[in-house]
Amino acid sequence: MHDLAHDGADHDDGSGDHGDRVVAHSAPDAPGVQIQARGVQTGALLLDTSALVAGVRRAVSGHGSSLDVEDRAYRESLGPLRNAGVDGAPRVALSAHAVSLDRMTPAAPLMSGQTPLAVRMRPISLDEVAGQQHLLRPGSPIVSLADPAAKTASSVSMILWGPPGTGKTTLAQAIARSSGRRFVELSAITAGVKDVREVMQEALNQRDLYGQSTILFLDEIHRFTKAQQDALLPGVENGWVILIAATTENPSFSVISPLLSRSLLLTLKPLTDEDIGVLIDRAVADPRGLNGRAALDDSARAALIRLASGDARRALTGLEAAAAVAASPDRLTEDETPTVTDDDVAQAVDRALLRYDRQGDEHYDVISAFIKSIRGSDVDAAVHYLARMIEAGEDPRFIARRLVISASEDIGLADPQALVIAVAAADAVAFIGMPEGRIPLAEATVYLATTAKSNAAYLAIDAAIADIRSGGFGRVPVHLRDAHYPGAKRLGHGKGYRYPHDSDAGIVPQQYLPDELQGRRYYQPKALGGEREVQARLERIRRILGEG
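The sequence shown begins at 77 in the working numbering and counts up one residue at a time.
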């Protein structure tokens with residue numbers, strides 16, 4: 077065991093003998109050097125970071141390889157927790173939550189089986205961030221928050237909203253590293269109200285005792301309940317923490333209004349192919365990544381970009397897996413550098429990541445595009461979105477229900493057979509299941525997309541409901557009222573009713589709408605498909621009824 081206290085890394089902050097120390101040790105079966113902090117109970121332990129780094133480097137010097145500072149270690153110790161110390165020496169304040177000095181390891185081999193490539197390659201500053209340039213302009217909230225010169229200034233909390241792999245966590249950690257603020261990370265998957273309150277109390281103590289502001293990064297905030305989100309409000313409102321929350325789901329639906337109103341909502345965009353290419357090239361060459369120990373041909377690079385679908389994590393995970401395939405011992409001589417090909421990529425990555433979450437925005441976006449493609453008669457687009465839902469594992473019953481709705485809402489009497497086919501497809505899917513159920517779903521989709529369209533029935537019922545809700549319904553005409561019970565005739569119910577079947581035309585002149593709505597027309601058929609005939613027939617009917 078190598079004790080860093082003997083290298084000048086342990087300094088007393090004047091609070092007494094509290095027994096705090098930072099130690100490093102190396103196990104024979106694990107070449108990485110472990111850094112641990114123990115017993116931090118009183119005050120804040122101030123460490124000269126330059127001495128700490130020097131001691132760690134001496135402790136690992138026997139490994140003969142470059143240092144790779146793993147993400148959490150750098151984030152929680154050496155990077156974000158700096159503040160001005162005595163005589164201007166850079167120092168780091170360690171507290172109960174921010175003291176998780178994780179690991180410092182030599183640069184990983186090509187496939188170490190340890191820290192994933194996507195984690196090792198996370199940017200350490202905003203300058204390394206790929207994409208999101210609309211959020212990184214000079215003077216923008218993110219750039220201002222990352223400025224160490226502005227760390228005593230008031231800073232607003234923010235919610236980062238975007239698809240997976242677009243850099244939400246990366247931005248938060250880059251801000252923490254650059255700003256010099258204390259950084260605490262919670263995951264909504266594992267944290268509870270108690271954890272949030274502890275972080276808030278500690279942040280308040282750090283601010284009042286040491287003048288140190290805290291960034292709280294909360295990943296997947298959409299998984300927090302309302303009560304858990306409520307626990308964030310005091311700290312955010314009073315400035316105890318600067319909240320950076322990340323979510324893949326629309327905050328308008330998943331984040332409580334009080335928290336939304338106290339935060340900036342920043343939208344991240346999927347990375348472009350150029351952005352993904354830059355990240356891949358950097359990972360191949362960078363010491364934190366493959367360190368030039370594998371080459372990448374153009375076809376493999378293009379395949380990784382295509383399969384990434386704008387997701388940086390997907391691209392780097394695919395690169396790491398493909399490099400492992402290329403480096404298999406049965407393919408290489410002893411000193412040969414592996415070259416990743418598109419075949420290696422295909423073997424490592426089965427298919428492109430479908431941006432589809434059955435509980436998230438993509439769920440609604442894709443089904444919306446599916447229905448609108450049917451409504452717009454673009455059969456190819458409709459089949460495409462159907463395939464996306466099927467491949468993403470969408471419940472086929474959900475798709476079938478939407479087809480039934482579309483048959484009535486968008487087609488109606490322009491082709492009454494559409495509803496029959498949609499219902500039959502729903503029954504078939506329930507009967508045969510998947511994957512064969514994709515075939516009746518496709519048949520119904522194609523039929524609905526290519527047939528005549530009319531929303532007249534849909535508009536008719538909505539117009540009638542609007543009248544009812546506004547109080548426009550009136551009383552049922554007396555001659556239409558129920559007359560079967562004793563005493564009904566004395567009230568005049570049913571008197572004057574004319575039976576349509578007594579007429580050769582099957583229609584008799586008679587009032588059916590209440591007096592207040594007499595002459596109101598809800599159903600207005602279109603001259604399309606089967607409604608052409610309905611339109612002509614309806615004109616004749618209305619003339620007989622005395623409404624023409």
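Just so it is clear, CB atoms sit at the ideal spot from N, CA and C, and this is done for glycine as well.
Asked                                                                                                                             : Found
Close Cβ partners of Gln600 (< 8 Å) along its chain, the five nearest in sequence each way excluded                               : Ala532, Leu535 and Ala536
Spatially closest choice to His555 from Gly548, Arg619, Lys565 and Gly547, by CA coordinates                                      : Lys565
Nearest neighbour of Phe259, chosen from Gly606, Val275, Lys270 and Asp271 [CA to CA]                                             : Val275
Enclosing alpha helix (DSSP H) for Pro390 [first to last residue]                                                                 : It is worth fixing the name first, because residue 390 is Arg in this sequence and not Pro. It spans Ala388 to Ala402 - the alpha helix (DSSP H) in which Arg390 sits, taken as one unbroken run.
Any C-beta of chain C under 7 Å from that of Gly563                                                                               : Here chain C cannot be found, since the structure has a single protein chain.
DSSP beta-bridge partners of Thr290                                                                                               : Arg258 and Val317
Range of the contiguous beta strand (DSSP E) that encloses Ile583                                                                 : Careful: Ile583 lies outside any beta strand (DSSP E) and carries neither H nor E.
For His569, the nearest candidate out of Asp558, Asp420 and Ala498 (CA to CA)                                                     : Asp558
Residue range of the alpha helix (DSSP H) that includes Ser233                                                                    : Taken as a continuous stretch (DSSP letters only), Ser233 belongs to no alpha helix (DSSP H), being part of the beta strand (DSSP E) at Ser233 to Trp237.
For Asp419, three-class secondary structure by DSSP                                                                               : helix
CB of Ile352 within 7 Å of CB of Ala391, strictly                                                                                 : yes
Between the CA atoms of Gly365 and Arg358 - distance to the nearest angstrom                                                      : 8 Å
Simplified DSSP assignment, three categories, for Ala612                                                                          : helix
Buried/exposed call for Ile356, threshold 16 Cβ in 10 Å                                                                           : buried
Rounded straight-line distance, which links the Cα of Arg597 to that of Gly488                                                    : 18 Å
Closest residue to Gly452 among Thr526, Gln493 and Gly386 (Cα-Cα distance)                                                        : Thr526
Cβ-Cβ separation, Pro562 to Gln587 (assumed contact under 8 Å), whole Å                                                           : Wrong, their Cβ atoms sit about 26 Å apart, outside the cutoff.
Contacts around Ala264, its chain only, beta-carbon distance under 8 Å, and the 5 residues preceding and following it disregarded : Leu294, Asp295, Glu296, Ile297, His298, Arg299, Phe300 and Gln304
For Ser385, three-class secondary structure by DSSP                                                                               : coil
Option nearest Asp271 by Cα separation, candidates Ala307, Asp456 and Asn281                                                      : Ala307
Coil, strand or helix - Ala264 by DSSP                                                                                            : coil
Under 7 Å between C-beta atoms of Leu380 and Val421                                                                               : yes
Three CB pairs or more closer than 8 Å across the segment 193-204 and the segment 316-323                                         : no
Identity of the residue in Asp418, Glu412 and Gly207 nearest Leu395 by Cα                                                         : Asp418
Cβ shell of Leu336 (< 8 Å), same chain only, five flanking positions each side left out                                           : Ile235, Pro327 and Ser328
Local conformation of Ser216 per DSSP, three classes                                                                              : coil
Per-residue DSSP class, three states only, for Ser449                                                                             : helix
Length of the line joining the Cα atoms of Ala402 and Arg464                                                                      : 31 Å
For Leu479, the first and last residue of its enclosing alpha helix (DSSP H)                                                      : Pro472 to Ser482
At least three beta-carbon pairs within less than 8 Å, the segment 250-259 to the segment 204-222                                 : yes
Pairwise C-alpha distance: Pro363 and Glu146                                                                                      : Note that Glu146 has pLDDT 35, beneath the 50 cutoff, so the model's placement of it is unreliable and the number below is only indicative. In a straight line, the C-alpha of Glu146 is about 12 Å away from that of Pro363.
Beta-carbon proximity check, Leu479 vs Ala528, cutoff 7 Å                                                                         : no
Whole-angstrom distance between Pro516 and Ala504, CA atom to CA atom                                                             : 7 Å
Ile218 versus Phe507: straight-line alpha-carbon distance, rounded                                                                : 54 Å
Under the three-state DSSP convention, the category Leu341 falls into                                                             : strand
Cβ shell of Ala384 (< 6 Å), same chain only, five flanking positions each side left out                                           : Ile352, Arg390 and Ala391
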